[in-house]
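Data first, discussion second: the structure below is written as structure tokens.
Number of protein chains: 2
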Amino acid sequence: MTVTIKDVAKRANVAPSTVSRVIADSPRISEKTKQRVREAMKELGYHPNFIARSLASQAAQVIGIVMPSSADQALQNPFFPAVIRGISKAAHEKRYALQMSTGEKESEIYERVVEMLQGRRVDGVILLYSRQNDKLMKYLLKHGFPFVVIGKPHQKAEQVTHVDNDNVQAGKDAAAYLIARGHERIAFVGGNPQYLVTVDRQNGYAAALQEAELPYRPEYVVHEEFLQEGGQEAMRELLSLPEPPTGLVVADDLMALGMLKTLDEIGLRVPEDVSIVSFNNTLLAEMSRPPLTSVDIGIFQLGYEAAKSLIEKINNPSEPVKRIIIPHRLVERGSCAGRTG
Amino acid sequence: MTVTIKDVAKRANVAPSTVSRVIADSPRISEKTKQRVREAMKELGYHPNFIARSLASQAAQVIGIVMPSSADQALQNPFFPAVIRGISKAAHEKRYALQMSTGEKESEIYERVVEMLQGRRVDGVILLYSRQNDKLMKYLLKHGFPFVVIGKPHQKAEQVTHVDNDNVQAGKDAAAYLIARGHERIAFVGGNPQYLVTVDRQNGYAAALQEAELPYRPEYVVHEEFLQEGGQEAMRELLSLPEPPTGLVVADDLMALGMLKTLDEIGLRVPEDVSIVSFNNTLLAEMSRPPLTSVDIGIFQLGYEAAKSLIEKINNPSEPVKRIIIPHRLVERGSCAGRTG
DNA sequence: TTGTAGGCGTTATCAA
DNA sequence: TTGATAACGCCTACAA
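From first to last, the protein sequence lines are chains X and D. Per the working numbering: the first sequence = residues 1 to 341. Per the working numbering: the second sequence = residues 1 to 341.
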């Protein structure tokens, strides 16, 4: 049925191995034979079987994308499509295919990724997150599978190639921006603190307060899911405080959107009553009412560099560990106002 | 190095084929042997090699996702992550893995998809678009590869399983909504008319005008890219008309967002000066200023059903052709106002 | 119920 | 420069 290397070989009067060499464009085959073989391939409509090739060559030319939760859930946050855009660009440039993780719960994702790798479906993976004591990362390290993480690894960062922002500085910048505008009661809203990105930004926030000699108030630090609902919940918590904050550093645009919604329902105005600086600078930040001042973290670049590094690593296992920091910058919009006292 | 079926066989004192049968949970193997074999697998840390399995069984257990343009470009529109969410859910349920198309231009995408299929990396594909005279669709049909399209196939719709909305009706509903509010000068803004979704919605729009005995004015029909920039461009065109429209039916939220932006720059207000009904009801519709009245087309469902149908088809090639229509509904928000005369 | 052996379509190692 | 031939790891008749 399907035409194989053998059919081509017969047609061109050469051995299968010769055809294989022609496909690989081996320099040790005469131009004349190459010509003849290529013609035979055309005539027969030959297409290489990647599966067979992968089995023989022990390489799939596929990279796996691992999200922190089910694709269903993660893809609700525009951060993920955006990183994937970057990954996809780099993968395409190097002719790698892209496969996405599946699985609902963390344990299931873990198993599927192990399957992907052990099953040789992918040559390596990119983790689109970094969490504390990540079982998967330990596994990858232990078994020597090529991988790259987007974010800062919790442990053994010196053994793990990763692409990250300077999130401590970014968090500091965000808080300092509000402080410079006269805010003194500033809250921090992040995702689950097991995610390093939350911790770093929060530390930056704390450092900014300290530099400004403002008190760090634990009740002003809230952690919820990186989704709109998370933002709503966080806002409610903060508003229930006897002395609610006037400024908010929010680690994610989508969360900030939820907060905006809750504020709107309650009748509080942004930026008149509450100022917000958020993170990611996705389209949402631009589009919301009011548009959000947001820290651009170069999401596309994050993905692009991660994929490039992974592919390098796959092709050269002794490639030294790298750490790439993508610059961030605060984009001013309409969600912050000055404040006296 | 890696543990194979043979190692397990030795350890369990059985033949490799027996191990293979245990993996497949064949009923013709005694529970006792299964037990023993499974234990051996555990002890050795055996993981099946999917690649080898695929080669032998001629099935990859992977489905391919084909976007209309580069992933880089397409993923800018929230429509795509949303369909992928649905696809991913169904794929996960049936234990299929997901692979994404790569390629920049249409011709390159075509080639990569052919490679994917001929190279047996995927068992079938889902086209996330439908365009006129699609070379790829012809190819798939000709070679009998399993595929499903999201949208209405241009040709041979009776031979192609597809998941779609009733876009004619949806377009009609959108226009009728504006007509009912007293608008008489209503424009239609769609994507490239080679995409069937544009054509259908536009036809529905025209039908609504006709029913209301309003004139169809060609200058009120504009086609641009399904991106923000497309919307901006379209808006500029419409505003340059001697008699600009007061109502807009826009085939995509992201485009509508671009239009909102241009209107805002010019100082026209929505909905006071211009009313907008858009499509997709993505998060953007909810978040924009003002929030957009938008037709919800059940994007997640679209993806979910498509993946389910594809998998059925893969597992049963004689599965009859199906056509699934996902219901739509207009979600009222703040972008439309009544108008007298 | 289990084992033997050939094949899936390539690549890669030796020879020639 | 090219050809045989043995992997790659698994599946599946066919035998036993």
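No residue lacks a Cβ here, since even glycine has one placed at the ideal position from N, Cα and C.
Buried or exposed by the 16-neighbour rule on C-beta atoms within 10 Å, applied to residue i
i: residue 270 of chain X; result: buried
i: residue 320 of chain D; result: exposed
i: residue 229 of chain X; result: exposed
i: residue 6 of chain D; result: exposed
i: residue 57 of chain D; result: exposed
i: residue 78 of chain X; result: buried
i: residue 13 of chain D; result: exposed
i: residue 162 of chain X; result: buried
i: residue 180 of chain D; result: exposed
i: residue 264 of chain D; result: exposed
i: residue 386 of chain D; result: With chain D covering 1 to 341 only, the question about residue 386 of chain D has no answer from this structure.
i: residue 346 of chain D; result: Nothing can be reported for residue 346 of chain D: it is not among the residues displayed for chain D, which extend from 1 to 341.
i: residue 262 of chain X; result: buried
i: residue 31 of chain D; result: exposed
i: residue 256 of chain X; result: buried
i: residue 267 of chain D; result: exposed
Length of the line joining the Cα atoms of residue i and residue j
i: residue 9 of chain X; j: residue 66 of chain D; result: 33 Å
i: residue 2 of chain D; j: residue 59 of chain X; result: 14 Å
i: residue 152 of chain X; j: residue 20 of chain D; result: 41 Å
i: residue 214 of chain D; j: residue 297 of chain D; result: 26 Å
i: residue 182 of chain X; j: residue 233 of chain D; result: 41 Å
i: residue 282 of chain X; j: residue 166 of chain D; result: 32 Å
i: residue 117 of chain X; j: residue 178 of chain X; result: 46 Å
i: residue 83 of chain D; j: residue 164 of chain D; result: 12 Å
i: residue 61 of chain D; j: residue 310 of chain D; result: 12 Å
i: residue 346 of chain D; j: residue 219 of chain D; result: No answer is possible for residue 346 of chain D: the residues shown for chain D start at 1 and end at 341.
i: residue 158 of chain X; j: residue 303 of chain X; result: 20 Å
i: residue 119 of chain X; j: residue 258 of chain D; result: 45 Å
i: residue 101 of chain X; j: residue 4 of chain D; result: 24 Å
i: residue 11 of chain D; j: residue 96 of chain X; result: 37 Å
i: residue 223 of chain D; j: residue 185 of chain D; result: 17 Å
i: residue 217 of chain D; j: residue 338 of chain D; result: 21 Å
i: residue 53 of chain X; j: residue 160 of chain X; result: 29 Å
i: residue 197 of chain X; j: residue 294 of chain X; result: 16 Å
i: residue 51 of chain X; j: residue 121 of chain X; result: 9 Å
Minimum Cβ-Cβ distance from residue i to chain X less than 7 Å
i: residue 124 of chain D; result: no
i: residue 308 of chain D; result: no
i: residue 289 of chain D; result: yes
i: residue 89 of chain D; result: yes
i: residue 92 of chain D; result: yes
i: residue 81 of chain D; result: yes
i: residue 21 of chain D; result: no
i: residue 118 of chain D; result: yes
i: residue 302 of chain D; result: no
i: residue 75 of chain D; result: yes
i: residue 24 of chain D; result: no
i: residue 97 of chain D; result: yes
Within-7 Å CB hit, residue i to chain D
i: residue 340 of chain X; result: no
i: residue 100 of chain X; result: yes
i: residue 71 of chain X; result: yes
i: residue 85 of chain X; result: yes
i: residue 227 of chain X; result: no
Are there three or more Cβ pairs, one per stretch, closer than 8 Å when the stretch 59–75 of chain D is compared with the stretch 87–94 of chain X?
The way I'd put it, the stretch 59–75 of chain D does touch the stretch 87–94 of chain X; three or more beta-carbon pairs between them come closer than 8 Å.
Does the count of Cβ pairs from the stretch 143–159 of chain X and the stretch 124–133 of chain X closer than 8 Å reach three?
At 8 Å Cβ cutoff, the stretches touch.
Contact list for the stretch 42–56 of chain X against chain D, Cβ threshold 7 Å:
Flagged, chain order: 47, 48, 49, 50, 51, 52, 54 and 55.
Should the stretch 130–146 of chain X be called in touch with the stretch 107–115 of chain X, which here means at least 3 C-beta pairs below 8 Å?
Cβ pair count under 8 Å is three or more, so yes.
Stretch-stretch touch, CB-based, cutoff 8 Å, three pairs: the stretch 315–322 of chain D with the stretch 278–289 of chain D:
Pairwise C-beta distances place the stretch 315–322 of chain D out of contact with the stretch 278–289 of chain D, as fewer than three of them are shorter than 8 Å.
State whether the stretch 38–45 of chain X contacts the stretch 228–246 of chain D, with contact taken as three or more CB pairs (one from each stretch) at a distance under 8 Å.
Counting Cβ pairs under 8 Å, fewer than three are found: no touch.
Would the stretch 162–175 of chain X and the stretch 319–333 of chain X be scored as touching if the rule is three or more Cβ pairs under 8 Å?
Enough Cβ pairs lie closer than 8 Å, so yes.
Going along the stretch 120–151 of chain D in order, which residues come within less than 8 Å of chain X, judged by CB to CB distance?
Against chain X - using a Cβ distance shorter than 8 Å - the residues of the stretch 120–151 of chain D are 120 and 121.
Three-pair Cβ contact test at 8 Å for the stretch 272–283 of chain D versus the stretch 248–257 of chain D
With the cut-off at 8 Å, the stretch 272–283 of chain D and the stretch 248–257 of chain D touch.
Tell me, please, whether the stretch 234–241 of chain D touches the stretch 201–213 of chain D by the rule of three or more beta-carbon pairs shorter than 8 Å.
Taking 8 Å as the limit for Cβ pairs, the verdict is that the stretch 201–213 of chain D does not touch the stretch 234–241 of chain D.
For the stretch 233–263 of chain X, enumerate the residues whose C-beta is nearer than 7 Å to any C-beta of chain D, in chain order.
The stretch 233–263 of chain X vs chain D, Cβ under 7 Å: 257.
Check distances from the C-beta atoms of the stretch 311–331 of chain D to those of chain X and list, in chain order, the residues that come in under 7 Å.
Across the stretch 311–331 of chain D, no CB contact with chain X closer than 7 Å is found for any residue.
Contact list for the stretch 185–200 of chain D against chain X, Cβ threshold 9 Å:
Taking 9 Å as the Cβ-Cβ cut-off against chain X, none of the residues of the stretch 185–200 of chain D qualify.
At a Cβ cut of 8 Å, what residues of the stretch 57–68 of chain D count as close to chain X, listed as they run along the chain?
Cβ contacts with chain X come from 60 and 62.
Interfacial residues, the stretch 274–288 of chain X to chain D, with Cβ spacing under 8 Å
Taking 8 Å as the upper bound on Cβ-Cβ separation, chain D lies near residues 283, 284, 287 and 288 of the stretch 274–288 of chain X.
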